[in-house]
Every structure is written in C-alpha cells, then in structure tokens.
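Number of protein chains: 2
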Amino acid sequence: MSFFRPNIDSLQGYVAGQQPQQGKWIKLNTNENPYPPSPAVMQAIGGITGERLTRYPDPVATAFRQQAASVLGVPPSWILCGNGSDDILTVVTRALVAEGGRLRAPYPSYLLYETLAGIQGAQIATVPYERDWSLSDAFVSDCEKVQLAVLANPNSPSGTILSRARIVELAEKLPCPLLVDEAYADFSDENCIRLVAENERIMVSRSLSKSYALAGMRFGFLVAQESIIERLLCVKDSYNCDTLSIAGATAAIADQAWRSENCKKIVATRSRMTEALGDLGFDIPPSQANFLWCTHPTVPLRPIYERLREERILVRYMEYADWGDGLRISVGSDEQVDACLMMLRMMV
Amino acid sequence: MSFFRPNIDSLQGYVAGQQPQQGKWIKLNTNENPYPPSPAVMQAIGGITGERLTRYPDPVATAFRQQAASVLGVPPSWILCGNGSDDILTVVTRALVAEGGRLRAPYPSYLLYETLAGIQGAQIATVPYERDWSLSDAFVSDCEKVQLAVLANPNSPSGTILSRARIVELAEKLPCPLLVDEAYADFSDENCIRLVAENERIMVSRSLSKSYALAGMRFGFLVAQESIIERLLCVKDSYNCDTLSIAGATAAIADQAWRSENCKKIVATRSRMTEALGDLGFDIPPSQANFLWCTHPTVPLRPIYERLREERILVRYMEYADWGDGLRISVGSDEQVDACLMMLRMMV
C-alpha cells in the first residue's frame, strides 16, 4: 500500500539528460557552456572561509539582488533568487497552481513543466506550436482553471523565440500570470525583462547555468513586480541559496564583459554549426539559444544519436508524441563541434 | 486581485532567526556550530575547478550517498540528498500531503512544518507536548486525513528527546508515515536511524548545518527505505544539490573524527552552560541538542532578549500561543557562552 498522493504515485518524473560523472565525453546534450566561468567566480568562491560556512546564508541573497538589479535596470526587490531556475519554476508553480488546476504550456517545450504540474496534482494543458514554431491564439483559449502559463523563450528543444510583441499580446489575453522562462535569453537578440514593469502578470526567470557557465553551482532568479516577489519569498525554502553560490553568482553577474564575450563566441560557433549541419541535409529552425534542433527529411535520427554515443559524443535524442523526433545538439567549443560534425559527415 | 492560491495569500511564511550580514555579533540564535568545519571540507571545495562548474552536478550525489551509507550502515539507495534538510522536509511534504489533508506535528516544535502544510493547502494538526516534554497518545489519535506526521527529535525549542522505544510505539499507531527530523541528533545519546530498516513508515532526516558546522553550505539528507526514496527522487528538483556542496558534504561526513571531537566540545559546553543558567534561576529541560530552552519563574524574558541584543548578543526569543515564551540559546564557543552568561548575571 502506498502512502504517496495518487498524483505522486503516477508521476513519471522529469528525466534529465545523461550526466556521466566518469570518463571523457564530448557533452553536447544538456546545453552547458563549453568554456569555464569568469575567473572572478572562482575567486569569489575561494574567498569564502570555513567560518563563513558555519553561518546560515543571507536568505534573500542581497548582494546578488543588488548586482543583478544594476545590470538589468530593475529594483533589487523585484528579484527572487533560486537554487537554479528549476527552483524558481518550482516555487512559482507551488504558489499559483492548485490541486485540480491547470498549467498552460506550449508543446514541445521543457518537459519539467508537466512534472511540476503533476506534483501539484494539477494538469498540464499544452498547446502545440505551429510547424514554424510560432504560437497561435490557442495558447490563450480554453483557459478554464488555467492558473499559470509558462513559455520558454527561447524555447527548448527548438531554440526559436517568439517576439516580445507577440508575448505581450499573449499575456494580455491570458486570465493568469505568464512566466517567461528565459534560461537561454542571453544568447538571443531580444528578451522580456522590460515587460515586467509594464505588466504585473509577466514574470521572467533566468539561469546562470548556460550563459554564465555555472550549471554545477545552481543559481537562477526571477524578475517580477515587488508584490509578487514578496509572496514568493514565503514559499521558497528559507535558505534556498548557499553562501558559496551567492558569492559566485554575484561575481558572475558583475562580470558582464565576460558574459558578452562568451556569448559572442557561442553565437559565432552556432552560425557555423547551423551552416555545416544544413549542408548535411538537416532541417534546423533559426536558433536564438545555445543549441540546435535538428531533424532530417530522410535519415533516421535515433541511430545517429546511438552511434555518436558509442564515440563518446553525447547529444540529446528527443521524441515527442504527435510531433516527431529530433536531435538537440548543444553549441560546444569549436573543437567539440568539429568532432561532432566529423562523425556526422560519416553517418548521413 | 491576487493570482495566488488562497492558502498562499494567507500564508504567514516561516520567519527564520535574524542573520546579520554585517558587523560583529555573538550569534546564539540559530543553532549554528561555533567552530569552523573540518579542514577536509574546505579542501574538497577548493578542489572544484571552474570547468567542473560548467557541468551539471550529479543528480543523486552518488559520492555522498556512498560515504554516508558506510557511516550510517544503510545502503546508498536509502539516502536522498537535499539542499539543506529544509529541502528534504519540503520534498516529503509535497509527496505525501495533499490539498485539504493534514500534517501531524507536536507543539511547540519547528515552525516550518506549519508553513509547509500551508503551502500545500493542508492543515497542520498539532498535539501539545506534556509539560515535561513527553508526548501522549494524543499524537496518534484523531488522525483523519493525517497524511504525514513529523517529529523533531531532539525537539526545538526544547532540546528534549523522545526515546527510540517511544517513537516506535507512536509510529506503529499512526496511519501514515512518520518523519523523524534529526537535525540535532548528533548531539544526542540516541537516534532513530536503525528504525528505518525495521519499519518502512519511519523516515529520518539529517542536516549538515549543525553538527558539521555547514549551515552556509546547505546540505541535508533523508534515510528511508529504497521504494520511498525512489518516489521522492521524482519530486525533488533534478539538480537540487550543487557540485560544491556535494564535494564538501562528502568530505564532511567522511571525517567522523572531526565530528565526534566537535560534538564532545559542544556537549561539554552545554553541561557547563546548563549549570550556570540554572544557578541564575532559569528552568531548562535536559537538552540533547546544541541549544537550551530557558524559561524563568519570575523574570520576564523578552526584555532580556532585547538587552542582550543591544549588547550585540543574539539569542532567540520565542513566544508560543497557549504555551508561553522562552529564550532558546545556542551552545556557542566557551568564550561566546561566557560573554552571554556575564551579561545575564547583570540582568537577572
């Protein structure tokens, strides 16, 4: 006999990409940054003494809030820090989505949204993207019991974006808040931060895992109006961010020169990679993220994933019901990308 | 108009003890360890390169599980790692307690249990301790809709414990799982780890914040039977523990010589402190934790808290409805405790 809630018993659980802890892999499966983080991050972490670690961390990560506020042009009180942006998504879902409620998300997108709805005992109410990865007004229709809408922008696995103007349109037609998940926005030409001031129902989440090369450190944040943040502070764990990550994240976001340089490199590699994969016959929607969504009109993709894996090159093979499959390949270093391209040239 | 769930709108939120980030304080209010952590911890953290931080952490913290398993004498698969034991409490509550359900806890105890129930849209169903801090069978009565029982052992704010035998009795009469919150168990003569193998409905949570002096690092864990852990792994955030804290926690739990030596010092100071406060007329139940619960038959306590605060000595003043107030004073270093005692001698 189970003591778990029925929705927990039936939960599939979010399956993250493979994270080999041993051996040498070319890892292009979970959109990590191929370059080490800003040296300022390691210096800040190294500056934390054992004595500091005996004490609880600052519950709201004031130092980070202040630094991020000055970078983003919003007040510090509009920022909620989280143990990775997954923590932010979790906190927002717990605060807004009730048992029996619904969470609106496009499809295919980040699979975690469905897991988070399931943990609440709520339903995910997905709306499919159009074949060109635009999103119709179906996203704002049939919204009964929809308590939160989430939109990854850039989206995963497609790497595509909806324009800021389109997001405003959608938000205005929704009966509930819209969380724009901008984990990849630093690689994009456009973002939605400034919409937060214009519409209290728009929230934007960010991650330091991708564009700051800090997936292992776990730090993300939400930008929303102060009254929203105040309430969410009651829902998060009291000490959800630790002293080491607060120090590292504060140094990371302070070093915008590093971020800008790093993003330029990734975007340049992304262009080259898009062209090379196009030459091999892959169909790739225009990516504004640090990965490419690759389908192929004739070649089956799962065997490609498996053969790359045998060569210790990890890409993400994804299969979406009623949509089809594809390879999501992270933009690695030039060397990693060249190794992957070389193998692919032998396969397709 | 609010978009939050009604239970979130009415949430009080857990109020943690004050964490001054600036200035010199004698901090005896949040049960931190007064001594720096094992040097092995800082060495392990220092060994993490920037390159490692670009990668996601091990989702299940295998290294820690293996090390903790060998220390505790349970299989690694019986251990769930969390971002502090608050994360563990959160995950267990989300997995077991539904909207409209009830969470059983004694009173007075850790206030977070009520907040966690509230976030679920559930009720806390408290049962008062007896005046001698024993717990009657009322704890296992009137259990309709009770989906989880939680028992801090040692309890906060009292520092007292229930015997392992009593906990077995209670667990067997409960219709739901019992989570024994052992954040302070390393300072106690007894713990419940071995009960997990005997009763699948008993879970034990632990923290590295107190007895390993790592409150700033955020690491805790749950010991439960494998089938329970498997399900909880689907509920936790995929990467809830970061690479730095996994390395630090693994080194910390491997250094049992450090822990044992540290606990001996704390326990010795606790004895001395208990005696000295007793001489000042305070009533103190026998503490098995790293803090003392101090009431006084004649002297009002809030002014004492306030005057200590003026002297930059922080203790925790707590006032429980239908129970009364008290000072919870952490066992600091001998020097910190002497400074606090000196001030108290001038006040009472």
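Order-wise, the sequence lines are chains V and A.
Once you know that position 272 of the first sequence is 272 in the working numbering, the rest is easy, because the numbers rise by one and skip nothing.
So the working numbering is basically just the index in the second sequence, starting at one, shifted up by 1000.
We treat Cβ as the ideally placed atom computed from N, Cα and C, and that holds for glycine.
Bear in mind that the values here come from a model prediction, so they are computed numbers and not experimental data.
Item: For P106 (chain V) and G1216 (chain A), the rounded distance between their alpha carbons; Value: 38 angstroms
Item: The region 1010-1039 of chain A: positions lying closer than 9 angstroms to chain V by Cβ; Value: L1011, Q1012, G1013, Y1014, V1015, A1016, G1017, Q1019, Q1021, K1027, T1030, E1032, N1033, P1034, Y1035, P1036, P1037, S1038 and P1039
Item: Euclidean distance between Cα positions of A1063 (chain A) and A1251 (chain A); Value: 10 angstroms
Item: Rounded straight-line distance, which links the Cα of C1263 (chain A) to that of I45 (chain V); Value: 28 angstroms
Item: Closer than 6 angstroms: C143 (chain V) CB and nearest the ligand ATP heavy atom; Value: Ligands are entirely absent from the displayed structure, and the ligand ATP is therefore not among its contents.
Item: Alpha carbon of T1243 (chain A) to alpha carbon of G1281 (chain A), nearest angstrom; Value: 48 angstroms
Item: CB contact below 7 angstroms: S1238 (chain A) versus chain V; Value: yes
Item: Proximity winner among A:L1111, A:A1138, A:S1134 and A:L1103, relative to I1124 (chain A) (alpha-carbon distances); Value: A:L1103
Item: Interfacial residues, the region 96-125 of chain V to chain A, with Cβ spacing under 7 angstroms; Value: L96, A98, E99, I119 and G121
Item: K265 (chain V), DSSP secondary structure in three states; Value: helix
Item: For C1081 (chain A), three-class secondary structure by DSSP; Value: strand
Item: Cross-chain neighbours of D1058 (chain A) in chain V, by beta carbon under 9 angstroms; Value: Q19 and Q21
Item: Nearest residue (CA-CA) to D237 (chain V), options V:D9, V:V91, V:P20 and V:S38; Value: V:V91
Item: Own chain residues within Cβ distance below 7 angstroms of R345 (chain V), not counting five before or after; Value: L280
Item: Between the CA atoms of T1269 (chain A) and P1037 (chain A) - distance to the nearest angstrom; Value: 18 angstroms
Item: Whole-Å CB distance - G1159 (chain A) paired with S1287 (chain A), under 8 angstroms assumed; Value: 3 angstroms
Item: Collapsed DSSP secondary structure at S245 (chain V) in the structure displayed; Value: helix
Item: Assigned secondary structure, L314 (chain V) (DSSP; H/G/I helix, E/B strand, else coil); Value: strand
Item: Any chain A beta carbon closer than 7 angstroms to P177 (chain V); Value: yes
Item: Environment of S141 (chain V) [buried if 16+ CB atoms lie within 10 Å]; Value: exposed
Item: Residue closest to Q1214 (chain A), alpha-carbon to alpha-carbon, out of A:P1006, A:T1295 and A:P1039; Value: Checking the sequence shown, residue 1214 (chain A) turns out to be Leu, not Gln. Residue A:P1039 is the option with its Cα nearest to L1214 (chain A).
Item: Candidates A:N1240, A:E1169, A:Y1110 and A:V1146, of which the one nearest D1137 (chain A) by Cα; Value: A:E1169
Item: Beta-carbon proximity of I1266 (chain A) to T1274 (chain A), cut-off 7 angstroms; Value: no
Item: Spatial distance of L222 (chain V) from T1093 (chain A) (CA atoms); Value: 24 angstroms
Item: Segment contact, 8 angstroms Cβ cut-off, at least three pairs: the region 1010-1020 of chain A with the region 18-25 of chain V; Value: no
Item: Three-state class that DSSP yields for A185 (chain V) in the structure shown; Value: helix
Item: Chain A contact residues for V267 (chain V), given Cβ-Cβ distances below 8 angstroms; Value: Within 8 angstroms Cβ-Cβ: nothing; V267 (chain V) doesn't reach chain A, min ~17 angstroms.
Item: Buried versus exposed call for G1101 (chain A) [16 or more other C-beta atoms within 10 Å across all chains shown]; Value: buried
Item: Cross-chain neighbours of D1322 (chain A) in chain V, by beta carbon under 7 angstroms; Value: Per Cβ cutoff of 7 angstroms: no residues; D1322 (chain A) is ~24 angstroms from chain V at best.
Item: Beta-carbon separation (whole angstroms), G118 (chain V) vs N191 (chain V), contact threshold 8 angstroms; Value: With a Cβ gap of about 29 angstroms, G118 (chain V) and N191 (chain V) do not count as contacting.
Item: The region 204-212 of chain V touching the region 49-56 of chain V, judged by at least three CB pairs closer than 8 angstroms; Value: no
Item: Boundaries (first-last residue) of the alpha helix (DSSP H) holding V1196 (chain A); Value: L1195 to E1198
Item: Test: C234 (chain V) CB closer than 7 angstroms to a CB of chain A; Value: yes
Item: Beta-carbon contacts of S1156 (chain A) that lie in its chain and below 6 angstroms, excluding the five residues immediately before and after; Value: Y1110
Item: Under the three-state DSSP convention, the category A105 (chain V) falls into; Value: strand
Item: Cross-chain neighbours of T93 (chain V) in chain A, by beta carbon under 7 angstroms; Value: Residues of chain A passing the Cβ test: none, with the nearest at roughly 11 angstroms.
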